[in-house]
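Visitor: Before I ask anything, let me first share the structure, which is written out below as structure tokens.
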Amino acid sequence: MVCSPAPANSSPSGRAFFGSRLDASTAATTLVIDRLVAGGHALREPHPTDRRKVIVTPAEHWGATAYEHVAPVIGGVTDAAAELSSDEQAVVAAFLERIVAVYDDATPR
Numbered sequence: 464m465v466c467s468p469a470p471a472n473s474s475p476s477g478r479a480f481f482g483s484r485l486d487a488s489t490a491a492t493t494l495v496i497d498r499l500v501a502g503g504h505a506l507r508e509p510h511p512t513d514r515r516k517v518i519v520t521p522a523e524h525w526g527a528t529a530y531e532h533v534a535p536v537i538g539g540v541t542d543a544a545a546e547l548s549s550d551e552q553a554v555v556a557a558f559l560e561r562i563v564a565v566y567d568d569a570t571p572r
């Protein structure tokens, strides 16, 4: 899945969970789930104890498919980092640490 609001190893979730986590309307969440299912990225299954609910789970191949999309980026970043001198790497690392701190301070936990 392109956006997985819950860890991949967590229990399956339904439309209401994804809608609240993504701050999206019911209609928008349904549309996204419909597209993920149609594209083979997610599955809809009956809830095991509540027949009114449907759970959404990632398709079995989601990890491999996601990796196919990010592998070129990972390779490019690795190559770019390898071309930096030790001093340049230290500057980039310090910058990224500051950015992570800004993000952490601005993100509710």
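Here the sequence shown is numbered in the numbering used here, starting from 464 and rising by one per residue. Just so it is clear, CB atoms sit at the ideal spot from N, CA and C, and this is done for glycine as well. Just so you know, these numbers come straight off a predicted model, no measurement behind them.
Pick out whichever of 507, 537 and 552 has its Cα sitting closest to the Cα of residue 523.
Guide: Among 507, 537 and 552, the Cα nearest to that of residue 523 is on 507.
Visitor: Within its chain, find whatever has a CB closer than 8 Å to the CB of residue 567; leave out the 5 residues flanking it on each side and keep chain order.
Guide: Closer than 8 Å at the Cβ level, and outside the excluded window around residue 567, lies no residue.
Visitor: Report the rounded CA-to-CA distance for residue 527 versus residue 476, giving the unit in angstroms.
Guide: Their backbone Cα atoms lie some 21 Å apart in a straight line.
Visitor: Buried or exposed: where does residue 496 fall if 16 or more other Cβ atoms within 10 Å of its Cβ makes it buried?
Guide: The residue in question, residue 496, is buried, as its Cβ has 16 or more Cβ neighbours within 10 Å.
Visitor: Taking C-beta to C-beta, are residue 490 and residue 499 nearer than 8 Å?
Guide: The answer is no: Cβ separation not under 8 Å.
Visitor: Output the distance between the C-alpha atoms of residue 575 and residue 557, rounded to the nearest integer angstrom.
Guide: Nothing can be reported for residue 575: it is not among the residues displayed for the chain, which extend from 464 to 572.
Visitor: Could you check the C-alpha separation between residue 512 and residue 518 for me, to the nearest Å?
Guide: Approximately 11 Å, taken between the alpha carbons.
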